[in-house]
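Taken in order, these protein sequences are the chains called G and H. Going by this note's numbering, the first residue of the first sequence is number 1, and it counts up by one from there. Going by this note's numbering, the first residue of the second sequence is number 1, and it counts up by one from there. Ideal placement from N, C-alpha and C gives every residue a C-beta, glycine not left out. What you are looking at is a predicted structure, and each value in this text was computed from that prediction instead of being measured.
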Amino acid sequence: MSVRYALLALLSNGPKFGLRLQQEFEAKTGEVWPLNVGQVYTTLQRLERDGLVASDEDGGDGPQKDFRITAKGHRELTGWLRTPPPGDPPPRDELVIKVLVALQVPGIDVGDVIQAHRKHLVEMMQRYTHVKAEAAANDLGLSLVVDAELFRLEGVVRWLDTADVRLSKRDATPTTSPAVSGTPEPVLERR
Amino acid sequence: MTTMLQMRRVSKVYGSGHTEVNALREVDLVVDRSEMVAVMGPSGSGKSTLLTIAGSLEEATSGDVWVDGADLSMMSADDRARLRRRSIGYVFQDLNLLPGLTATENVSLPLELDGSDSGHAQQTALQALRDLGLADRADHFPDDLSGGEQQRVAIARAMVGSRRLLLADEPSGALDTVNGETVIRLLRDACKRGMAVVVVTHDAQLAAWADRVIFLRDGRMVDHTGPAPGPESLLAGPEQ
Chain G
1 MSVRYALLAL LSNGPKFGLR LQQEFEAKTG EVWPLNVGQV YTTLQRLERD GLVASDEDGG
61 DGPQKDFRIT AKGHRELTGW LRTPPPGDPP PRDELVIKVL VALQVPGIDV GDVIQAHRKH
121 LVEMMQRYTH VKAEAAANDL GLSLVVDAEL FRLEGVVRWL DTADVRLSKR DATPTTSPAV
181 SGTPEPVLER R
Chain H
1 MTTMLQMRRV SKVYGSGHTE VNALREVDLV VDRSEMVAVM GPSGSGKSTL LTIAGSLEEA
61 TSGDVWVDGA DLSMMSADDR ARLRRRSIGY VFQDLNLLPG LTATENVSLP LELDGSDSGH
121 AQQTALQALR DLGLADRADH FPDDLSGGEQ QRVAIARAMV GSRRLLLADE PSGALDTVNG
181 ETVIRLLRDA CKRGMAVVVV THDAQLAAWA DRVIFLRDGR MVDHTGPAPG PESLLAGPEQ
């Protein structure tokens, strides 16, 4: 989430001063991302330096100073909305590494390791769902923010479920397991 | 808290000899009024077996099951059937709506089978459908309803009358997330009115609505989530 572009988006429907921007930012993101007002002003100064916003020349430097988006700022914002977020190469996922490492450690029940993480993730999902359940029905911003996190967590749970099933199938197959066959596979070096 | 469902050291074995399958192994479970419990686990972990035994649709091989204080093993088949009609609502994975009956008739059927006057049963069923936002679909047959509407009719049938225990097998079925959420909110509302709800699912998003999630693996209850902590900690993150 970029504060820079969020502020440009909030200014795209009219000039606003810093405190108002902070309040709108928090309201429209379901109050899940608290934003320091100092950070708002720092970001606005950078946006103004880059010519993406302009300030009200009559308002001085006080808290009531209005900022508006420039034509260059509009172009920057619309370009950013259509630009896929960075995702290539995929980040090194600590949970994947933990499960891969668990496969190499004698005496470790990988199913138990998977279950520990599954439980933690489902508990996180319960907390987010509680937020959604208690939210006003028309709080679209909060619903979208919570849904995004729930889908992310669910994706990890589904990966753990799949890993669990793959392990069960492997355990049911009478072949020599790399986990107990001497030299471990250099799985971590491949990434 | 009043306990609505208690299972103690419940096991279920299908077949014998080399075809023997241990579907459940000494499972303990207590579900109170106004509580929603979700049961998660991979295919073949015993989730549906747990639900059918809790609903007295099949008997445990060993162990004890009480529903609303009644010991199922001490009841005759007729008494168990009466308990199912009066106290236990069941939402089947494939819904099991009767295609030749309207939505109202599907919902009123368990009441009529239990001896209710037909007019009274229909009025009660209509109210249950109204509560679930289906008043204008009351005279429609299942085939004329959308998937979400069929699901709600099945839930109305499971809640109608004075049911106190609701058992649901994958109640959001193949619904999309938003419609599935509508269904699970209905189950939460039933909890607020005092029902005990047990939901079997492999869907973590659905399970996350429960007060408690238990995890089955190879017929054993291997883990459960703790008491749901408050959501406050989620609101203090510095992410941007």
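Jot down the residue ranges of each uninterrupted beta strand (DSSP E) in the segment 151-235 of chain H, minimum 3 residues, whole runs only, in chain order. If we require 3 residues or more, the beta strand (DSSP E) runs fully inside the segment 151-235 of chain H come out as 165-169, 196-200, 212-217, 220-224.
Which of the residues in the segment 138-165 of chain G, read from start to end, lie with their CB under 7 Å from any CB of chain H? Cβ contacts with chain H come from Leu150, Glu154, Val157, Asp161, Asp164, Val165.
Measure the CB-CB distance between H/Thr104 and H/Ala125 and report whether it falls below 7 Å. For H/Thr104 and H/Ala125, yes; Cβs fall inside 7 Å.
Once the 5 residues before and after G/Leu81 are set aside, which same chain residues still bring their CB inside 7 Å of it? Correct list: empty, nothing qualifies.
Considering only the alpha carbon of each residue, which of G/Leu100, G/Val96, G/Trp159, G/Gly51 lies closest to G/His74? Closest option to G/His74, Cα to Cα, is G/Gly51.
Helix, strand or coil at G/Lys203 [DSSP, three-state]: This structure does not reach residue 203 of chain G, given that chain G is present from 1 up to 191, and the question cannot be answered.
For my contact list, G/Leu18 and G/Tyr41 are in at a C-beta cut-off of 8 Å; report their separation, rounded to the angstrom. In the sequence as displayed, the identity of residue 18 of chain G is Gly instead of Leu. Indeed, because the Cβ distance is near 5 Å, the residues count as touching under 8 Å.
Going by DSSP, what residue range makes up the beta strand (DSSP E) through H/Arg84? DSSP places H/Arg84 outside any beta strand (DSSP E); the residue lies instead in the alpha helix (DSSP H), whose first and last residues are 77-86.
Does the structure place the segment 106-118 of chain G close enough to the segment 167-175 of chain H that three or more beta carbon pairs sit under 8 Å? The segment 167-175 of chain H makes no contact with the segment 106-118 of chain G; the number of CB pairs closer than 8 Å stays below 3.
Taking C-beta pairs closer than 7 Å, name the residues in chain G that H/Ala207 reaches, listed in chain order. Correct list: Val122.
Does the beta carbon of H/Pro42 come closer than 7 Å to any beta carbon on chain G? Yes, H/Pro42 counts as interfacial toward chain G.
In chain order, what are the residue ranges of uninterrupted beta strand (DSSP E) at least 3 long that sit wholly in the segment 83-155 of chain H? The segment 83-155 of chain H contains these whole beta strand (DSSP E) runs: 88-91.
Let me check one thing: in DSSP terms, what residues is H/Asn22 bridge-paired to? Per DSSP, H/Val13.
Under three-state DSSP, which class holds H/Ala260? The question about residue 260 of chain H has no answer, for chain H in this structure spans 1 to 240.
Got a sec: is the Cβ-Cβ distance from G/Lys28 to anything in chain C below 7 Å? Annotation note: the requested chain C is absent from the structure, which comprises protein chains G and H.
With a 10 Å radius around its C-beta and 16 neighbouring C-beta atoms as the bar for buried, classify H/Glu239 as buried or exposed. Low per-residue confidence applies at H/Glu239: pLDDT is 41, beneath 50, and the placement is therefore not dependable enough to give any value.
Quick one: give me the first and last residue of the alpha helix (DSSP H) that G/Val37 is part of. 37-49 is the extent of the alpha helix (DSSP H) around G/Val37.
Which residue's Cα is closest to the Cα of H/Val107: H/Gln122, H/Pro99, H/Gly115? The option with the nearest alpha carbon to H/Val107 is H/Gln122.
Can you tell me which of H/Asp117, H/Leu113, H/Val183, H/Tyr90 puts its alpha carbon nearest to the alpha carbon of H/Arg163? When the alpha-carbon of H/Arg163 is set against those of H/Asp117, H/Leu113, H/Val183, H/Tyr90, the nearest one is in H/Tyr90.
H/Ser16 to G/Trp33 span [Cα, whole Å]: Using only the alpha carbons, I get a separation of about 58 Å.
Let me check one thing: in DSSP terms, what residues is H/Thr3 bridge-paired to? DSSP output for H/Thr3 lists H/Asp32 as bridge partner(s).
Comparing the C-beta of H/Gln240 with each C-beta of chain G, is any distance below 7 Å? Residue confidence is low: H/Gln240 scores 37 on pLDDT, short of 50, so the model does not pin down where it sits. Its coordinate-derived value is still stated next. Residue-level contact by beta carbon holds for H/Gln240 and chain G, with a gap shorter than 7 Å.
Excluding five sequence neighbours on each side, which residues of the same chain lie with their C-beta closer than 6 Å to the C-beta of H/Trp66? Answer for H/Trp66: Gln6, listed in chain order.
Could you tell me the alpha carbon to alpha carbon distance between G/Leu103 and H/Ile88, rounded to whole angstroms? The alpha-carbon separation between G/Leu103 and H/Ile88 amounts to approximately 44 Å.
Label G/Pro106 either buried or exposed according to how many other C-beta atoms from any shown protein chain fall within 10 Å of its C-beta, with 16 as the threshold for buried. G/Pro106 is classed as exposed because its beta carbon has fewer than 16 other beta carbons within 10 Å across all chains shown.
To which residues does DSSP link G/Phe245 through a beta bridge? Outside the displayed span of chain G (1 to 191) sits residue 245 of chain G, for which this structure offers no information.
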